[in-house]
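Worksheet: the structure to be examined is printed underneath.
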Amino acid sequence: MSDRLESLRERLALTELDLHFARFLAALDGRGDEDVALAACLVSQATGSGHVCLDLREWTGEVAPSLGVGIPALARWIAALRASRVVGRPGEMRPLVLDEGDRLYLHRYWDYERTLALELGRRAEPAEDVDEDRLRDGLDRLFPRREPGTDWQKVAAAVAVLRRLCVISGGPGTGKTTTVVRILALLLAQRAGAARAPALALAAPTGKAAARMQDAVRAAKQSLELAPGIAQAIPEEAATLHRLLGARPGSSYFRHHRDNPLPFDVVVVDEASMVDQALMTKLASALPPSARLILLGDKDQLASVESGAVLADLCGGAVGCSPPFAARIERVTGEAIATAPTGPALRDSIVHLRRSYRFGRESGIGRLAELVRTGEGDAALALLESGECPDLAWRPIESPEALARAAGTELAVRFSGYLAEVQAQHPLEDALAAFNAFRVLCAHRTGPSGAVTLNRLIEHGLRARRLADTRRPWYPGRPVMVARNDYNLRLYNGDVGIAVRDAQGESVVFAQPDHGVRRLAPSRLPEHETVYAMTVHKAQGSEFDAVLLVLPGEVSRAVSRELVYTAITRARSRIEIWGAPAVFRAGVGRRVQRSSGLRDRLWKDG
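Using full-length UniProt numbering, the final residue of the sequence shown is 606, and nothing's skipped along the way.
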């Protein structure tokens with residue numbers, strides 16, 4: 001066992017936990033079967049890398065030849081696993097579960113997948129007691145006809161009222177949050193005159209995503225002509241999912257669950273692509289059976305950091321709705337939509353918003369994002385290199401030395417205006433806004449082109465140009481990102497603050513949902529790091545006026561189509577990319593495929 005696993009250690013970046021787990025299950029199995037130990041090690045590594053399971057067919061097919069290590073033939077591997085006392089069939093209480101699709105799971109992840117598929121399947125049914133006449137009138141009022149073509153926002157709103165599960169996927173600027181405010185107005189109107197208005201909740205996976213959702217909901221409420229009672233009943237506060245469910249410090253369990261459900265009739269979750277399978281399962285299980293669940297997100301963005309790609313799996317089989325439901329949609333909206341003759345009930349719960357209201361037809365960002373989303377790397381690079389779009393820029397950088405020189409000079413200067421704003425002690429809200437005007441994004445956290453390295457180089461450049469005394473740990477303007485949740489302080493992983501020194505002393509300020517700021521002494525902060533540059537993963541749920549994406553110097557598995565697309569769509573007005581053409585092309589050509597059986601479970605009748 002040890003020779004084979006040791007030979008895989010460096011190739012697959014196996015951790016001590018992976019190896020220890022393999023040894024433990026081999027001892028528990030009692031037969032010393034190396035094929036079982038290998039499978040245990042690989043399934044541990046797979047879940048740590050974001051997969052829900054280990055697809056044995058993939059490993060014996062495409063992966064094995066490139067490793068140069070003895071991966072057993074599929075039939076032999078399955079036979080060894082079936083004979084092991086640590087491997088069970090679905091439903092058996094064994095450490096590992098092998099399903100009929102030759103997918104191997106840690107039991108906990110198999111149970112998450114099974115539970116989530118059941119919960120979503122139950123919820124993907126028609127809602128009861130919908131007043132179609134009232135719905136039709138509300139839709140016509142809130143979605144007046146403005147231009148030709150299908151109004152997918154109107155369709156999405158109708159689906160959310162008619163179904164107990166609605167999944168709305170769309171790229172940047174497609175109006176997901178504005179549509180949700182209209183949906184909540186329609187749902188409140190459905191219960192007009194009832195003894196109790198529906199209880200509504202807004203949530204997001206991170207603190208900054210929740211803050212952005214609050215801002216968007218407030219802006220949408222102000223822009224829409226809503227009846228005063230309706231507008232007042234639509235909540236403006238959004239919670240993190242952990243706060244909504246009632247996180248218990250030091251535990252993976254929550255206060256709300258199947259036996260103590262959430263007290264809401266409607267739960268809306270923004271940035272759903274960031275929600276991992278375990279958390280989505282716990283949310284779905286904690287909802288009352290009659291509650292509506294509305295998920296918003298972009299299926300083409302990066303998936304969650306933890307295991308699973310729930311939003312992509314949910315949207316993966318959608319090709320059209322059932323003919324009866326299409327007829328109902330046309331009856332209440334006047335919009336004709338595509339149908340699919342067969343499929344599960346879930347197909348009637350999925351809506352894709354197609355039109356971006358942020359990027360016009362001439363927008364370089366919009367054109368580039370679409371080329372990357374569809375995997376057209378050569379065309380995307382040609383657009384970047386052409387110089388024809390003022391909101392796009394490309395800079396070829398072929399070596400770590402060239403990157404270091406550019407980071408220490410140009411990047412430092414780009415933050416000079418922001419630092420001057422802080423040092424002049426202008427209003428703190430203005431300083432926070434100035435910092436969000438520009439951000440450097442990286443594929444890696446460490447390494448020559450990683451966020452840690454770039455932050456160090458930028459600080460060195462700032463000191464060399466006397467823009468900031470970065471030798472002092474809390475120099476005015478130092479931006480920091482929280483790396484660990486602190487529920488007592490109401491600070492969450494990914495929250496960004498800036499250091500200031502004024503008449504009130506030395507502190508770190510964070511933006512508040514009401515657009516004010518909150519001060520904290522530096523000594524009170526949980527784990528944190530400097531953040532002129534951050535990883536693309538950490539940037540999810542955020543937007544910046546301008547973005548610079550720095551690619552690694554060599555082709556990397558971290559650079560994928562989803563990562564490049566996510567980075568591009570963080571920018572409102574300008575995206576610049578530094579890197580080697582080969583790395584860009586390879587990244588756009590590589591899709592992240594996470595092993596999971598959820599899509600098969602959800603769409604098995606499709």
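Cβ coordinates follow ideal geometry from the N, Cα and C atoms, glycine included.
These figures come from a predicted structure and were not determined experimentally.
Once you ignore the five residues that flank residue i on each side, which residues in its own chain have a CB closer than 6 Å to its CB?
| i | result |
| --- | --- |
| A46 | L54 |
| L549 | L441, A567, I577 |
| V268 | V180, L202, I294 |
| R601 | A117 |
| Q425 | D502 |
Work out the CA separation of residue j and residue i for me, nearest whole Å.
| i | j | result |
| --- | --- | --- |
| V555 | A39 | 28 Å |
| A272 | G32 | 43 Å |
| A209 | S542 | 7 Å |
| F21 | V97 | 15 Å |
| M1 | A73 | For M1, the predicted model reports a pLDDT of 48, less than 50, meaning its position is unreliable; a value from the coordinates is still stated below. Approximately 17 Å between the Cα atoms of the pair. |
| D35 | P400 | 41 Å |
| V517 | G193 | 39 Å |
| P95 | V87 | 6 Å |
| V422 | G450 | 26 Å |
| P473 | A434 | 21 Å |
| M481 | E527 | 9 Å |
| R89 | D99 | 6 Å |
| A340 | D131 | 26 Å |
| A239 | I168 | 19 Å |
| G606 | T342 | Low local confidence applies: a pLDDT of 45 at G606 is under 50, so the model's placement there is unreliable, and no value is given. |
| residue 611 | A189 | Because the chain spans 1 through 606 in this model, residue 611 falls outside it and cannot be assessed. |
| E429 | F510 | 9 Å |
| A26 | S44 | 13 Å |
| H444 | N455 | 12 Å |
For residue i, which of helix, strand or coil comes out of DSSP?
| i | result |
| --- | --- |
| F254 | strand |
| C442 | strand |
| R590 | coil |
| L188 | helix |
| W474 | coil |
| N455 | helix |
| residue 635 | Absent from the structure is residue 635, since the part of the chain shown begins at 1 and ends at 606. |
| Y565 | helix |
| L283 | helix |
| L314 | helix |
| M213 | helix |
Terminal residues of the continuous alpha helix (DSSP H) containing residue i?
| i | result |
| --- | --- |
| C41 | 34-48 |
| T409 | Element bounds for T409: n/a, residue is neither H nor E. |
| F325 | 323-333 |
| W603 | 598-603 |
| R23 | 16-29 |
Exposed or buried, what is residue i when buried is set at 16 or more other beta-carbons lying within 10 Å of its beta-carbon?
| i | result |
| --- | --- |
| H256 | buried |
| Y532 | buried |
| H51 | buried |
| D391 | buried |
| L135 | buried |
| T453 | buried |
| V319 | exposed |
| T446 | exposed |
| Q222 | exposed |
| Y253 | exposed |
| E92 | exposed |
| R465 | exposed |
Could you name the residues of the same chain whose beta carbon sits closer than 7 Å to that of residue i, not counting the 5 residues immediately before and after it, in chain order?
| i | result |
| --- | --- |
| F325 | D348 |
| P65 | Low confidence applies here, because P65 scores a pLDDT of 48, under 50, leaving its location unreliable and the question unanswered by this model. |
| R414 | F438 |
| G297 | S169, E271, A272, S273, L311 |
| M213 | T177, L202, A204, A238, D270 |
| A546 | A437, F438, A571, S573, R574 |
Grab the span of the beta strand (DSSP E) containing residue i for me, first residue to last.
| i | result |
| --- | --- |
| D502 | 496-502 |
| G170 | 165-170 |
| R347 | R347 -> no beta strand (DSSP E), and no H or E assigned at all. |
| R354 | That residue, R354, is in no beta strand (DSSP E); it is neither H nor E in DSSP. |
| residue 607 | In the structure displayed, the chain extends from 1 to 606; residue 607 sits before or after that span and is not available. |
| A204 | 200-204 |
| I575 | 571-579 |
| G297 | 292-297 |
| L96 | 96-98 |
| R243 | It is not in any beta strand (DSSP E) - R243 instead sits in the alpha helix (DSSP H) that spans 241-245. |
| V517 | 517-520 |
Hey, does residue i have any beta-carbon neighbour from chain D nearer than 9 Å?
| i | result |
| --- | --- |
| R395 | The displayed structure is made up of one protein chain only, and chain D is not part of it. |
What residues in its chain sit with their C-beta under 8 Å from that of residue i, if we drop five residues either side in the sequence?
| i | result |
| --- | --- |
| A379 | L371 |
| W110 | C53, P90, V97, D99 |
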